[in-house]
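Scroll down for the structure; my scribbles are underneath it.
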Amino acid sequence: MVVYNLYILGKNGQSLFYREWLREQSSNLSRDEEDKLMVGLLFSLSNFAKKMSSSPGTGVFKSFNTSKYKLHYWESPTGIKLVLNTSTDVEPCHDHLSTLYHHIFIQTVVKNPLVPLTEPINSSLFVTKLDAFIKQQTFFQD
Amino acid sequence: MESYTLFEYFHNELANWKGFGADKDEHISILEDIGYKVGISLCENMCKDRPRFKEEVDVLRFLCRDFWELCFRRSANSLKTDNAGTYVIQDSEFRTLTALSSGKQFLTDAPKFLAYPCGLLRGALFALTLNAHVTVEVTQIPAAKFKIDILRK
């Protein structure tokens, strides 16, 4: 069970944060291009989930599997999007992303007025806490 | 949402507000003044059911424990004195600084977040009839060291 990387995207699709723990193949795209690709995909998938849902108006896109990795997605009502890529044998970690948002993102980024939410996150405290949180998960292996 | 969180967000914006003008010292002294007035009133309110304090050091102990608890939701770590009117209060995780960083990042911005608390302390001491000069030193966020000099007449 491995954690590959994490993206945090803002309300308008801007890139707020990216961190990788293990990535065997880079996509040869710039940070900007990769994030735009990610935002486009998430937008399409969320809309798709809502439209094709069996009961009207519900249907939240949470994760997808490929043969090599699993992408977990969590979005706040304010539009902050968390995307975590892990190996395929990891259980859906919607709750973990929610905890990450409430206990780490809110406490170190939202509560820090020196780190605006419209620009890439520049807080070393956030990075430290995020790393510690991810590393202590059962699905993280060094 | 607990009431401290409401204060936390408000104070964050106040401390970081650009409307005070470019002069950093003026910014800090305005915040300190506001804290001073609030500190006086808060202390009046807090002490209405308490007996009078016997000694100066009791006032400082009250500041470190009860006042700190009310304002910052924790007790200060330590109180030191040189018995000649100077006291040093240390707090290893000062509440207005914990979300900023842990270490050296944003160190230059730290004084803005300490001005209002300094004022609070000065106001509280004034309300308890001690005229004091309060300064604070931060070398590593979030640990703060408050130096209180009691001014004798």
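Sequence order for the protein chains is A and B. Counted from 1, the first sequence has number 76 at position 77 by numbering that gives the first Met the number 0; the numbering is strictly sequential. Counted from 1, the second sequence has number 118 at position 119 by numbering that gives the first Met the number 0; the numbering is strictly sequential. Each residue gets a CB set at the ideal place from its N, CA and C atoms; glycine is no exception.
> Can you give the Cα-Cα distance for residue 190 of chain B and residue 38 of chain B, rounded to whole angstroms?
Replying inline: Nothing can be reported for residue 190 of chain B: it is not among the residues displayed for chain B, which extend from 0 to 152.
>> Between which residues of its own chain and residue 121 of chain B is the CB-CB distance below 7 Å, once the five residues before and five after are set aside?
In response: Residue numbering aside, residue 121 of chain B sits at position 122 when the second sequence is read from its first letter. Cβ within range, chain order: 35, 38, 131 and 133.
> Using a beta-carbon distance cut-off of less than 8 Å, what residues from the region 77-110 of chain A approach chain B?
Replying inline: 106, 107 and 110
> Going along chain B in order, which residues have a C-beta closer than 8 Å to the C-beta of residue 127 of chain A?
Replying inline: Against the first sequence, residue 127 of chain A aligns to sequence position 128. Going along chain B in sequence order, the residues near residue 127 of chain A (Cβ under 8 Å) are 101.
>> List, in chain order, every chain B residue whose beta-carbon is nearer than 8 Å to that of residue 112 of chain A.
In response: In the first sequence, the residue the question calls residue 112 of chain A occupies position 113. Chain B residues near residue 112 of chain A: 11, 12, 14 and 15.
> Taking DSSP as the reference, what is the three-state secondary structure of residue 45 of chain A?
Replying inline: Reading the first sequence from its first residue, position 46 is the one you call residue 45 of chain A. If DSSP states are grouped into helix, strand and coil, residue 45 of chain A belongs with the helices.
>> Among the candidates A/51, A/16 and A/128, whose CA atom is the shortest distance from the CA of residue 116 of chain A?
In response: Within the first sequence, the letter at position 117 stands for residue 116 of chain A. Looking at the Cα atoms, A/16 is the closest of the given residues.
> Along chain A, in chain order, which residues have C-beta atoms closer than 8 Å to that of residue 1 of chain B?
Replying inline: Taking the first residue of the second sequence as 1, we reach residue 1 of chain B at position 2. Ordered by position in chain A, no residue passes the 8 Å Cβ test against residue 1 of chain B, which lies about 13 Å from the chain.
> Run through DSSP, which three-state label would residue 88 of chain B get?
Replying inline: Locating residue 88 of chain B in the second sequence gives position 89, counting from the first residue. Of the three classes helix, strand and coil, the one that applies to residue 88 of chain B here is strand, per DSSP.
> From what residue to what residue does the beta strand (DSSP E) around residue 73 of chain A run?
Replying inline: As a working mapping, residue 73 of chain A is identified with position 74 in the first sequence. Run containing residue 73 of chain A: 69-74, per the beta strand (DSSP E) assignment.
> Beta-carbon of residue 26 of chain A versus every beta-carbon of chain B: anything under 8 Å?
Replying inline: For the purposes of this step, residue 26 of chain A is identified with residue 27 of the first sequence, where counting begins at 1. Chain B, which has no Cβ nearer than 8 Å to the Cβ of residue 26 of chain A, makes this no.
> Checking contacts by CB at 8 Å: is residue 75 of chain A closer than that to chain B?
Replying inline: Here residue 75 of chain A corresponds to residue number 76 of the first sequence, with the count starting at 1. Not an interface residue.
>> For residue 53 of chain A, would you say it is in contact with chain B, using Cβ-to-Cβ distances shorter than 8 Å as the test?
In response: Working through the first sequence from its first residue, we reach residue 53 of chain A at position 54. Chain B contact via Cβ: absent.
> When you compare only the Cα positions, how much space is there between residue 14 of chain B and residue 6 of chain B?
Replying inline: Translated into the one-based positions of the second sequence, residue 14 of chain B becomes position 15. Translated into the one-based positions of the second sequence, residue 6 of chain B becomes position 7. Distance between the alpha carbons of residue 14 of chain B and residue 6 of chain B: 12 Å.
> Count the other CB atoms within 10 Å of the CB of residue 16 of chain B; is the residue buried (16 or more) or exposed (fewer)?
Replying inline: Here residue 16 of chain B is taken as the residue at index 17 of the second sequence, counted from 1. The residue in question, residue 16 of chain B, is exposed, as its Cβ has fewer than 16 Cβ neighbours within 10 Å.
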